[in-house]
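Undergrad: Protein chains in written order, with our numbering: chain Y, 54 to 331; chain F, 305 to 601. Don't be surprised by glycine CBs; every beta carbon is placed ideally from N, CA and C. All values reported here derive from a predicted model rather than from experimental measurement.
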């Protein structure tokens, strides 16, 4: 069972929900797929047990074999390899690691070497498990690191995926293959607008979804009207409470600061199980 | 012409509310919404669209079933697991074109794909360039670059001397595209451990690309200890704090009313944002080496 937590708009409470869900259900694996700004570790304080380099294969050219025919540059859709008269220039940070240049080279002058773009860390939180990846500063591409991170998923666990904000490629990479997506929103014009984009995204991907309304008593009622019209279940509502905001600011998980929420998150998990079973 | 980008690392710290307030305070400027996959600035600025153009983000493979003999070489060579049962999954596909090159029957061709739209609009605060990336689409960085280029052209045509850019969250390609070569970034953070963690990472990106930065501590009274930590961090790294803005539910009420906080009321928030804007303008004009935002930490 894989549950993703996404939002469209940032700062609506994805990490609050994902960490509390991971802490409220047995045998979970919390996975931080917000590799640009991973925050789950602040709340879960895992003991890191293993670190691996996350990389993508990039070309290395043997100039003694290269005939500078330029075929590699012709096939590269990302302009990551350029051939000038008697030299090959590589722009590795543009390379997606597709292997096209290596495949096409007629004289086998290209080999692929792993270029690190981030670090993947596995850890434990008591009896629960933890996985995160961090994109190196200055690296542009999150999706290959998320793809690599997800190869470490332990499918015997209940997997909770904390997705990045937005609706483009990093989010798609994070939530693809999950059985259910929890969309966290706030009842404001920005929250609703980005929720509608996130709903379109999960529909394109064919992932069943439900909504959690955070800061439920601010803003207006348009989110509820929208969810009703679209047939989206509202799975939980969390009111604005300055004490919750303060606990969050200190890195304390919601269910630890307010144990009465544990049952709500346990119920949330059972609701999702029922919805995915049918 | 000067360019200012508002970023945050962490999402939801108040980038767009602050950008909208700047749009209300600035004179002779163009506004660019570069948070292209969750653009919200238009909800406050209420633009009248004057021009709409398609955005072509890249190429995707198209398979001709009449030619395909189902040899499967394309699926074997695809590194993105995007070809199953002789069907190309456009969402998993990264548009690398390897399948088209390896197909022995040339049954796959690469075609330009439209990944969204960009708009040039008029608002009560001046011209706005904005965009909408297609759902689950690739290449948000390329669309950010396009929006910035159109904002630059608009500033030349209309003789504007400032571009205010609302940036995306994170530290990846759209952020890099939104800050590359600008005169100043304002990093909006909040006094939470997550906010501080993300602030440090996004400042690392600004440093990496040699862009001067100032910091805004939003909702500064939510946790005074963390606010003090941010102040100390900025001082140690020779980073100027442009402003500290208190938490105020009026910010959400202004958003619901479709107004910037400047228009909505005369609160501590409006006053704080006005003072911050004056400091930012001074910093953009000030070339002296003592200017904290000129020093790269």
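On the DSSP letters alone, give me the boundaries of the alpha helix (DSSP H) that residue 244 of chain Y sits inside.
TA: First-last of the alpha helix (DSSP H) with residue 244 of chain Y: 242-258.
Undergrad: Beta-carbon within less than 6 Å of residue 533 of chain F's beta-carbon, same chain only, minus the 5 sequence neighbours each way: which residues are those?
TA: Same-chain partners within the cutoff: there are none.
Undergrad: Could you spell out the range, first to last residue, of the alpha helix (DSSP H) harbouring residue 445 of chain F?
TA: Unbroken alpha helix (DSSP H) run through residue 445 of chain F: 444-461.
Undergrad: Would you verify that the beta carbon of residue 379 of chain F is, or is not, closer than 7 Å to some beta carbon of chain Y?
TA: It does not: the Cβ of residue 379 of chain F has no partner Cβ on chain Y nearer than 7 Å.
Undergrad: Is the beta carbon of residue 210 of chain Y within less than 6 Å of some heavy atom of the ligand MG?
TA: With respect to small molecules bound, the structure shown includes none, and the ligand MG cannot be examined in it.
Undergrad: Bridge partners of residue 434 of chain F, per DSSP?
TA: Paired residue(s): F/423.
Undergrad: Starting from residue 275 of chain Y and walking both ways along the alpha helix (DSSP H), at which residues does that stretch end?
TA: Looking at the DSSP string, the run of the alpha helix (DSSP H) that includes residue 275 of chain Y is 275-283.
Undergrad: Helix, strand or coil for residue 128 of chain Y per DSSP?
TA: Three-state result, residue 128 of chain Y: helix.
Undergrad: Which of the residues in the stretch 224-254 of chain Y, read from start to end, lie with their CB under 7 Å from any CB of chain F?
TA: Taking 7 Å as the Cβ-Cβ cut-off against chain F, the residues of the stretch 224-254 of chain Y that qualify are 225, 241, 242, 243, 246, 247, 250, 253, 254.
Undergrad: By DSSP, does residue 318 of chain Y sit in helix, in strand, or in coil?
TA: Helix at residue 318 of chain Y.
Undergrad: From residue 387 of chain F to residue 451 of chain F, what does the alpha carbon distance come to, in whole angstroms?
TA: Cα-Cα distance, rounded: 33 Å.
Undergrad: Would you say residue 399 of chain F and residue 447 of chain F are within 7 Å of each other, going by their C-beta atoms?
TA: Not closer than 7 Å, so no.
Undergrad: Residues bridged to residue 57 of chain Y by DSSP?
TA: Partner(s): Y/214, Y/234.
Undergrad: Mapping DSSP to helix, strand and coil, what is residue 326 of chain Y?
TA: Looking at residue 326 of chain Y - three-state DSSP - the assignment turns out to be helix.
Undergrad: Which partner residues does residue 112 of chain Y have in the DSSP bridge list?
TA: Residue 112 of chain Y pairs with Y/165.
Undergrad: Going along chain Y, which residues have a C-beta under 8 Å from residue 406 of chain F?
TA: Correct list: 156.
Undergrad: Grab the span of the alpha helix (DSSP H) containing residue 491 of chain F for me, first residue to last.
TA: It is not in any alpha helix (DSSP H) - residue 491 of chain F instead sits in the beta strand (DSSP E) that spans 488-493.
Undergrad: Name the chain Y residues that come within less than 7 Å of residue 444 of chain F, Cβ to Cβ?
TA: Near residue 444 of chain F (Cβ distances below 7 Å), the residues of chain Y are 221.
Undergrad: Just list the residues that DSSP pairs residue 183 of chain Y with in beta bridges.
TA: Y/83, Y/176, per the DSSP bridge assignment.
Undergrad: Could you please give the first and the last residue of the uninterrupted alpha helix (DSSP H) stretch that includes residue 200 of chain Y?
TA: Segment 196-202, the alpha helix (DSSP H) holding residue 200 of chain Y.
Undergrad: Could you give the DSSP three-state label for residue 548 of chain F: helix, strand or coil?
TA: DSSP places residue 548 of chain F in strand when its eight states are reduced to three.
Undergrad: Since residue 301 of chain Y and residue 496 of chain F are thought to touch, with beta carbons under 8 Å apart, how far apart are those beta carbons, to the nearest angstrom?
TA: Contact holds; Cβ gap of about 6 Å.
Undergrad: Tell me the DSSP secondary structure of residue 562 of chain F in three-state form.
TA: Coil at residue 562 of chain F, not helix or strand.
Undergrad: Taking a Cβ distance cut-off of 9 Å, strictly less, list which residues of the stretch 277-309 of chain Y are near chain F, in chain order.
TA: Listed by position along the chain: 293, 295, 298, 299, 301, 302, 303, 304.
Undergrad: In its own chain, which residues sit with a C-beta less than 6 Å from the C-beta of residue 321 of chain F, not counting the 5 before and 5 after it?
TA: 555.
Undergrad: Contact check, residue 100 of chain Y vs residue 177 of chain Y under 8 Å by CB: the rounded distance?
TA: Rounded, the Cβ-Cβ distance is 5 Å, consistent with contact.
Undergrad: For the stretch 205-220 of chain Y against the stretch 80-89 of chain Y, do three or more pairs of beta-carbon atoms, one drawn from each stretch, fall closer than 8 Å, so that the two count as touching?
TA: Contact holds: three or more Cβ-Cβ distances are below 8 Å.
Undergrad: Between which two residues does the beta strand (DSSP E) containing residue 361 of chain F stretch?
TA: Run containing residue 361 of chain F: 352-367, per the beta strand (DSSP E) assignment.
Undergrad: Name the DSSP beta bridge partners of residue 335 of chain F, please?
TA: BP columns for residue 335 of chain F point to F/432, F/468.
Undergrad: Identify the contact partners of residue 338 of chain F in chain Y, using a Cβ-Cβ distance below 8 Å as the criterion.
TA: Near residue 338 of chain F there are no residues of chain Y at all, since even the closest Cβ is about 12 Å away, more than 8 Å.
Undergrad: Using three-state DSSP, classify residue 511 of chain F as helix, strand or coil.
TA: Three-state DSSP puts residue 511 of chain F in a helix.
Undergrad: With DSSP run on the structure shown, which of helix, strand or coil describes residue 305 of chain F?
TA: Reduced to three states, the DSSP call for residue 305 of chain F is coil.
Undergrad: Would you verify that the beta carbon of residue 132 of chain Y is, or is not, closer than 7 Å to some beta carbon of chain F?
TA: No, its Cβ sits nowhere closer than 7 Å to a Cβ of chain F.
Undergrad: Quick check on DSSP: helix, strand or coil for residue 206 of chain Y?
TA: Three-state DSSP puts residue 206 of chain Y in coil, outside helix and strand.
Undergrad: So which residues of chain F does residue 68 of chain Y contact, with C-beta pairs closer than 9 Å?
TA: Chain F residues near residue 68 of chain Y: 498.
Undergrad: So, with DSSP's three-state summary, where would you put residue 604 of chain F?
TA: Past the edges of chain F, shown from 305 to 601, lies residue 604 of chain F, and the structure says nothing about it.
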